[in-house]
Ligand code: GLC
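In this note's numbering, the protein residues as written are 33 to 502.
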């Protein structure tokens, strides 16, 4: 099958969140299954400068008509280990950042129009797989493709971001009839909504775990009512497929970022050496008997930054240390609140090497998100023998087995709707650690030996593609 993944970010080129990991690891897994895989994304300035090899091969040059003006585009090509990467270069993306500009909806409209033209000119893709609002209108544009039988899939990685524009932008950005708005097809709360448009126009829609698919379809009020639209308009064409992890990159046995590699038989001494190393690196003393607790996250409301700060006063009671790597809109807050606590060490910059080392060095990993369509960090921590403490939402429920499952346990899952549950769960995890209960070994072993690979989910996506008929 010839598959095109359309997205706004992909590792190794650019990343703001989990979507970038998803594209990299999923495309690699599809390739390993023998599929013909391409990825197309905007050519941000940062890619141009940081990855000059992507600037060598011009694949195509074309123009297209957006409603109000004519736009030129150059497409560059780079083969990354058998996955074909295409970069659409338009003036709209000659900026330093990826998102956060006043004209983002217009910028990504330009991207989608470019991809639409690109597809029409090379019309041989069987599946066009879009991701999040930045590519969600493309399936509608493809309704007008001269070759009708292109299978379209939209994956929702984060329903909170939807792409809001105005009625007239239906024509001004996409040159589509404004009747799409007037009829309600792409209208939500009297705005032109990209995510809704994608839900309406794609053949299949999915999100990145079964539990989040359930949450979404049953929640008609949250996320501006996007769940109700899925429920009413796409009920039978909506599923959840849990994300896999790149188990080659995230393998404590071979990870070059660690000072000592380890596996399920040697994790005790291995983790101790990595703990020593990270403490040294950060100038901290290894003078505590309690656990090393960590979090690596975007510091935003979604990720439960308030809960991440709630633990500060309790650390001392358990002689614990807490290392957090994070950036985001709440980083100032986090830093300020942490100042009185010498048990807390905050790294205000994402550092890939340090992140790997921290996963390996820690005893517990906190992920108290308020919503989490899938999540990656909980998978990494289990694989690295670090017990996750997670909220009972989204993919966290599908991937972490709570202590109450006894022999199957891989971590702590606390009730997200109970305001006191996080702290009491945190306390029992700390007590468990200090009690030296031999069951801890079982929990760690279960976590380390779980299958987090893409194998099963990759198959489910291929089945989803194959299930599309006309
Ligand atoms: C988004 C979601 C996260 C998910 C990722 C990849 O970042 O918030 O839960 O793991 O997309 O699908």
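Where is the CB? At the ideal position from N, CA and C, for every residue including glycine. Predicted model only: the values in this text are computed from it and were never measured.
With respect to the C-alpha of residue 380, the residue from 388, 362, 94 having the closest C-alpha is 362. Assignment of residue 351 by DSSP, reduced to helix, strand and coil, places it in the coil class. The closest heavy atom of the ligand GLC lies 8 Å or more from the beta carbon of residue 363.
Distances taken from the Cβ of residue 254 to the heavy atoms of the ligand GLC include none shorter than 8 Å. Contact check between the region 453-460 and the region 315-322: fewer than three CB pairs, one atom from each, fall below 8 Å, which does not count as touching. A distance below 6 Å between beta-carbons, with the five flanking residues on each side excluded, links residue 441 to the following residues of its chain, in chain order: 433, 435, 475. In this structure, the beta-carbon distance from residue 368 to residue 345 does not fall below 9 Å. The C-alpha of residue 292 is placed about 33 Å away from the C-alpha of residue 79. Bounds of any beta strand (DSSP E) do not take in residue 292, whose DSSP letter is neither H nor E. Contact annotation, residue 303 with residue 417: C-beta distance approximately 6 Å; criterion of less than 8 Å satisfied. The bridge partners DSSP lists for residue 423 are 446.
About 15 Å separates the beta carbons of residue 226 and residue 257, which is beyond the 8 Å limit, so they are not a contact pair. Rounded to whole angstroms, residue 214 and residue 203 show a C-alpha spacing of 12 Å.
Leaving aside the five residues that flank residue 187 on each side, the residues in its chain whose CB is nearer than 6 Å to its CB run, in chain order, 163, 238. Only residues of its own chain outside the window of five on either side were considered, and among them 324, 326, 418 have a CB closer than 6 Å to the CB of residue 394, listed in chain order.
Here residue 429 has 243, 445 as same chain residues with Cβ atoms under 7 Å from its own Cβ, once five neighbours each way along the sequence are excluded.
According to the DSSP assignment, residue 161 belongs to the beta strand (DSSP E) that extends over 159-163. At a cut-off of 8 Å, the beta-carbon of residue 112 does not count as near the ligand GLC: no heavy atom of the ligand is closer than that.
Rounded to whole angstroms, the Cβ separation of residue 241 and residue 184 is 21 Å, and the two are not in contact under 8 Å.
Contact check for residue 161 and residue 37: beta-carbon distance about 5 Å, within the 8 Å limit, so the pair qualifies. Remark: C-beta atoms of residue 259 and residue 191 approach each other more closely than 9 Å. Residue side-chain check: residue 50 places its Cβ nearer than 8 Å to a non-hydrogen atom of the ligand GLC.
For residue 270, the closest alpha carbon among the candidates 499, 40, 34 is that of 499. Residue pairing of residue 92 in beta bridges, as defined by DSSP: 107. Residue 280 and residue 83 have their alpha carbons spaced roughly 22 Å apart. Here the alpha carbon of residue 44 sits roughly 17 Å from the alpha carbon of residue 289. The beta carbon of residue 255 is closer than 7 Å to those of 191, 192 in its chain, skipping five residues each way along the sequence. Counting along the chain, residue 184 sits inside no alpha helix (DSSP H); it lies in the beta strand (DSSP E) bounded by residues 183-188. The ligand GLC never approaches residue 366 closely enough for any of its heavy atoms to be under 8 Å from the residue's Cβ. Counting only runs of 4+ residues, the alpha helix (DSSP H) found wholly inside the region 185-252 occupies 201-204, 211-214, 226-233, 242-250, in chain order. Distances between the C-beta of residue 223 and the heavy atoms of the ligand GLC are all 8 Å or more. In the assembly as shown, residue 143 is a buried residue. Its beta-carbon has 16 or more other beta-carbons within 10 Å.
Within the DSSP secondary-structure output, residue 356 pairs in a beta bridge with 327, 378. The region 60-70 and the region 108-125 touch, with no fewer than 3 CB-CB distances between them shorter than 8 Å. Bridge partners of residue 120 according to DSSP: 74, 107.
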